[in-house]
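Asks: Line by line, the protein sequences give chains G and R.
Residue numbering for the first sequence follows this note's numbering, beginning at 232 and increasing consecutively.
Residue numbering for the second sequence follows this note's numbering, beginning at 232 and increasing consecutively.
Dropping a structure here in structure tokens format, bear with me for questions.
2 protein chains.
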Amino acid sequence: MKVFFNGDYLEKDQVSVSPDDRGFVFADGVYEVMRWYGDHFLGFAAHQKRLLRSLAEVRIEWPAAYKLEVITSELIRLNQLQKQDALFYLQVTRGAAKRNHVFPLPSIIPTVYATTTAFIPNSAAVEAGIAVISLPDERWLRCDIKSIALLPNILAKQKASEAGAQEAFFIRNGIFTEGSHSNVFFVMNGVVYTHPESGAILSGITRNIAISLCRELSIPVVEEGFIASSLDMADEIFISNTSGEIIPVVSMDGQPVSGGKPGIVTKRLQETFQRYALIANA
Amino acid sequence: MKVFFNGDYLEKDQVSVSPDDRGFVFADGVYEVMRWYGDHFLGFAAHQKRLLRSLAEVRIEWPAAYKLEVITSELIRLNQLQKQDALFYLQVTRGAAKRNHVFPLPSIIPTVYATTTAFIPNSAAVEAGIAVISLPDERWLRCDIKSIALLPNILAKQKASEAGAQEAFFIRNGIFTEGSHSNVFFVMNGVVYTHPESGAILSGITRNIAISLCRELSIPVVEEGFIASSLDMADEIFISNTSGEIIPVVSMDGQPVSGGKPGIVTKRLQETFQRYALIANA
């Protein structure tokens with residue numbers, strides 16, 4: 232498998248990250264994931280914009296010599312993924328320097344690492360839905376930065392997995408914020424609720440497309456966090472993320488949601504999203 | 232410089248961290264720092280205990296074949312630090328595996344990386360004190376785990392540095408919790424206040440020794456977070472950490488503390504600590 236590492240296209244086992252890399256010692260970096268639909272990426276411009284925003288928030292400068300369009304197309308070509316579903320992963324760290332909390336001076340060259348991997352959608356989850364658990368949101372208050380400091384997220388996802396669930400929903404101050412690697416949506420009386428953009432959630436590209444598609448379908452959307460204690464009143468629940476698109480939730484903390492099967496609004500949005508993803512090319 | 236990496240003692244530039252290391256992609260790891268006083272470590276047993284606790288909290292198993300006593304003494308010997316001050320740094324990550332939030336199954340071998348570096352105490356800070364700034368505590372609620380997910384800490388320390396200060400104090404719910412890489416203490420009417428152990432702070436080894444020494448000196452200590460709005464009533468402020476021991480704070484957010492010079496209680500505790508560190512060997 233060919234990967235991109237600091238300007239070169241290498242076999243992955245040839246990549247050597249320095250133990251001084253601030254990504255390794257401080258989680259001092261950000262990342263992006265994009266889905267490739269065999270001939271195009273969905274939301275390329277939005278992902279690129281979010282990457283630059285994350286970098287700006289942590290004040291890492293994207294090396295001007297690297298063009299995201301070139302890295303993506305070269306990796307797709309070198310790994311012969313032109314006609315397959317694939318995931319593009321990109322990570323940028325501040326670079327390698329003697330361990331010291333403050334940013335290195337003079338500034339150093341960021342570490343840029345990217346991969347493309349053939350991807351098989353989880354059709355069982357897409358069609359039958361997933362089980363989720365709820366957990367207190369103990370994460371930091373800058374979840375809008377897509378940082379690699381993901382320890383709280385992996386611990387939550389692991390808890391979900393051990394409970395036989397596929398995702399963990401976080402609750403902060405009595406409100407559902409997002410999942411460990413997804414945005415979360417609740418349908419109540421025909422209205423879709425999702426947490427507003429803030430430091431409490433990542434501004435998901437799939438989330439934002441889902442909101443737009445709801446509006447096109449005349450499904451009312453309210454960007455308001457769903458109150459955890461109102462869970463019984465949710466008719467449907469679903470999540471969104473880059474790899475899974477729209478995935479129904481059919482149980483929460485062991486209790487069935489929408490009768491234990493994907494809800495009608497969820498299905499309608501999911502199908503609309505699937506069609507949109509295949510033709511959208513921006 | 233010789234370092235320890237997964238069982239071997241190598242030149243640092245021979246160490247190659249995999250880009251799949253979960254420390255690099257997820258901040259899925261923990262660390263420790265110990266200070267070497269030329270012939271002994273201070274608080275070796277306490278550091279080892281905290282390391283094992285951090286590992287247990289994130290459920291990484293310390294490889295039984297590695298003995299911390301052996302790693303530390305070999306690194307001191309190989310780097311000829313027997314008669315110098317030095318810092319020992321150890322990082323343990325869950326290891327390298329295909330990127331997936333859940334823990335790898337079957338479980339993988341953790342990555343263990345350790346260094347020793349000659350260390351020159353910052354005598355200006357120790358003697359004249361430092362300036363600090365205060366910032367909202369936006370970090371996660373498991374700061375008791377000494378994890379490598381330090382992005383919030385480095386961003387805070389960088390802000391301090393750019394404000395001409397040497398440390399940032401975090402405030403959560405109107406209470407000082409800790410610094411970006413230190414515990415924080417306030418002296419008011421002869422009583423020392425420091426935040427109690429909880430998920431809001433790291434249980435600092437130096438913090439805990441400082442509390443014991445205060446008690447030996449009959450200085451009253453209250454483990455209670457200092458209220459940020461009472462700052463004007465603080466007669467003295469100091470910080471503690473492994474590398475700096477006890478360091479006076481002489482200004483906060485541009486305002487002088489204890490008349491802009493180290494306070495009397497701080498100095499007394501600092502001198503006691505310095506004597507203790509030279510002879511303590513546990």
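Backbone N, C-alpha and C fix where the C-beta goes; we use that ideal spot for every residue, glycine too.
As the structure is a prediction and not an experimental result, all values here were calculated from the model.
For Gln322 of chain G, which residues does DSSP report across the bridge?
Replies: G:Tyr262 and G:Tyr344, per the DSSP bridge assignment.
Asks: Which residue spans inside the stretch 252-309 of chain R form an unbroken beta strand (DSSP E) run of at least 3?
Replies: As far as the stretch 252-309 of chain R is concerned, its whole beta strand (DSSP E) runs of at least 3 residues are 260-268.
Asks: Which residues in chain R have a C-beta closer than 7 Å to the C-beta of Leu372 of chain G? List them in chain order.
Replies: By Cβ distance, chain R contributes Glu369.
Asks: Show which residues of chain G have a CB atom less than 9 Å away from the CB atom of Arg330 of chain R.
Replies: In chain order: Tyr320, Thr346 and Thr348.
Asks: According to DSSP, what are the bridge partners of Met483 of chain R?
Replies: Answer is R:Val363 and R:Gln486, bridged to Met483 of chain R.
Asks: Just reading off the beta strand (DSSP E) that Leu241 of chain R is part of, what are its end residues?
Replies: It spans Asp239 to Glu242 - the beta strand (DSSP E) in which Leu241 of chain R sits, taken as one unbroken run.
Asks: Just to make sure I have the definition right: I need the residues of chain G whose C-beta is within less than 7 Å of the C-beta of Phe334 of chain R. Which are they?
Replies: Neighbours of Phe334 of chain R on chain G, chain order: Gln389.
Asks: If you run the structure through DSSP and keep just helix, strand and coil, what is Ser392 of chain G?
Replies: The answer is helix: DSSP assigns Ser392 of chain G an H, G or I state.
Asks: When the distance is taken between beta carbons, is Pro493 of chain G closer than 8 Å to Gly360 of chain G?
Replies: It is a contact, given that the beta carbons lie within the stated cut-off.
Asks: For Cys445 of chain G, which residues in the same chain have their Cβ closer than 6 Å to its Cβ, ignoring the five residues on either side in sequence?
Replies: Contacts found: Val423 and Val452.
Asks: With distances taken between CB atoms, is the gap from Ser434 of chain G to Arg253 of chain G smaller than 8 Å?
Replies: Not closer than 8 Å, so no.
Asks: When DSSP labels each residue in this structure, what does Asp316 of chain G get in the three-state scheme?
Replies: Asp316 of chain G falls in the strand class under three-state DSSP.
Asks: When burial is assigned at 16 or more other CB atoms within 10 Å of the CB, is Gln505 of chain G buried or exposed?
Replies: Exposed.
Asks: Going by the DSSP bridge assignment, what does Ile406 of chain G pair with across the sheet?
Replies: G:Arg403 and G:Ile458, per the DSSP bridge assignment.
Asks: Is Arg438 of chain R closer than 8 Å to Ser471 of chain R when the C-beta atoms are compared?
Replies: A contact, by the Cβ cut-off of 8 Å.
Asks: For the stretch 245-256 of chain R, list every residue whose C-beta sits within 9 Å of some C-beta in chain G, in sequence order.
Replies: Listed by position along the chain: Val246, Ser247, Val248, Ser249, Pro250, Asp251, Asp252, Arg253, Gly254, Phe255 and Val256.
Asks: What residue from R:Phe255, R:Ala391 and R:Gln311 has the CA that sits closest to Ala328 of chain R's CA?
Replies: Residue R:Phe255 is the option with its Cα nearest to Ala328 of chain R.
Asks: Tell me whether Asn384 of chain R is buried or exposed, calling it buried when 16 or more other Cβ atoms sit within 10 Å of its Cβ.
Replies: Asn384 of chain R should be labelled buried.
Asks: Quick one, which residues of the stretch 382-412 of chain R are near chain G if we go by CB-CB under 8 Å, in chain order?
Replies: Against chain G - using a Cβ distance shorter than 8 Å - the residues of the stretch 382-412 of chain R are Leu382, Pro383, Asn384, Ile385, Leu386, Lys388, Gln389, Ser392, Ser411 and His412.
Asks: For Asn414 of chain R, name the three-state secondary structure that DSSP assigns.
Replies: In the structure shown, Asn414 of chain R sits in a strand (DSSP, three-state: E or B).
Asks: Taking 8 Å as the threshold, find out whether the stretch 336-354 of chain R comes into contact with the stretch 292-303 of chain R through three or more Cβ pairs.
Replies: Yes: at least three Cβ pairs fall under 8 Å.
Asks: Considering only the alpha carbon of each residue, which of R:Ala380, R:Leu336, R:Ala459 and R:Thr473 lies closest to Arg370 of chain G?
Replies: Taking only the C-alpha atoms, the option nearest Arg370 of chain G is R:Ala380.
Asks: Looking at the unbroken alpha helix (DSSP H) that takes in Ser434 of chain G, where does it start and where does it end?
Replies: No alpha helix (DSSP H) contains Ser434 of chain G, which DSSP labels as neither H nor E.
Asks: Mapping the DSSP letters down to three states, classify Met464 of chain G as helix, strand or coil.
Replies: Correct three-state label for Met464 of chain G: helix.
Asks: Starting from the Cα of Asp465 of chain R, find the closest Cα among R:Gln313, R:Ala276 and R:Gly491 and give me that residue.
Replies: Note that residue 465 of chain R is Ala in the sequence shown, not Asp. Per the Cα distances, R:Gly491.
Asks: Report yes or no: do the stretch 315-324 of chain R and the stretch 256-268 of chain R share at least 3 C-beta pairs separated by less than 8 Å?
Replies: Yes, the stretch 315-324 of chain R touches the stretch 256-268 of chain R.
Asks: Please list the terminal residues of the continuous alpha helix (DSSP H) segment that includes Val496 of chain R.
Replies: Per DSSP, Val496 of chain R belongs to the alpha helix (DSSP H) from Ile495 to Ile510.
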